[in-house]
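Quick notes on the structure that follows.
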Amino acid sequence: MAGYKKLGRTSDQRKAVLRNQVTNLLYHGKIRTTETKAKEIRKIAEGIIAMAVREKDNYETVTVTAKVARKDADGKRVKEVKDGKKVTVYDEVQKEIKKDNASRLHARRQMMKVFYPVTEVPASNKGKKKNTKQIDMVTKMFDEVAPKYEGRNGGYTRIVKIGPRKGDAAMEVLIELV
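Right under this line is the structure:
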């Protein structure tokens, strides 16, 4: 007996649908889908959330020195002439970064295998590429979702039946994060 439902699709289509819906569930907090898809999504999503909870605090903070280009009031790089050439002026800045330990890095890469890239578009610029920003779903999992479920042992999602769909009478459900 198989460990998963085939959902009437080839393997690459099935993986794409599940990846897309897991990404949307964890980004939006809830999605509407069919019951069989929801049960498959639940398996993947709960595994990812459990991984994020387990590896939430598994990093060290490191101070690094970085070279950053000096900018003027307009936001353009400041240049000075050296040996007859224009050269950008750099300042050294101390930054604190989170350095993942080995198991958290592994968890991060496992999550990146599942998540699709998410682009957030502000409501004011709908339909335009300007001011869109890429959302790092893995960082969101570690920083926002994992602390929410820290003391919980599983059961991170809830499936609520809505009723049959009008077109094909498939049972529709709402799957949401608890």
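The UniProt record's numbering puts the first residue of the sequence shown at 1, with every later residue one more than the last.
For each residue, glycine too, the CB sits at the ideal point set by N, CA and C.
Computed from a prediction, not measured in an experiment: that's the story for all the values here.
| Asked | Found |
| --- | --- |
| Let me make sure I understand the geometry here. Which of T119, E80 and I44 has the alpha-carbon closest to that of V17? | I44 |
| Take every Cβ of the segment 65-74, pair it with every Cβ of the segment 86-93, and state whether three or more of those distances are shorter than 8 angstroms. | yes |
| On the three-state DSSP scale, how would you describe K166? | coil |
| Taking the straight line between their C-alpha atoms, what separation do you get for residue 198 and K76? | Nothing in the structure corresponds to residue 198, since the chain is present only between 1 and 178. |
| So the alpha helix (DSSP H) D12 belongs to, where does it begin and stop? | S11 to H28 |
| For a minimum of 4 consecutive residues, which ranges assigned as the alpha helix (DSSP H) are wholly contained in the segment 49-123? | 102-114 |
| For R158, which residues of its own chain have a beta-carbon under 6 angstroms away from its beta-carbon, when the five flanking residues on both sides are left out? | E176 and V178 |
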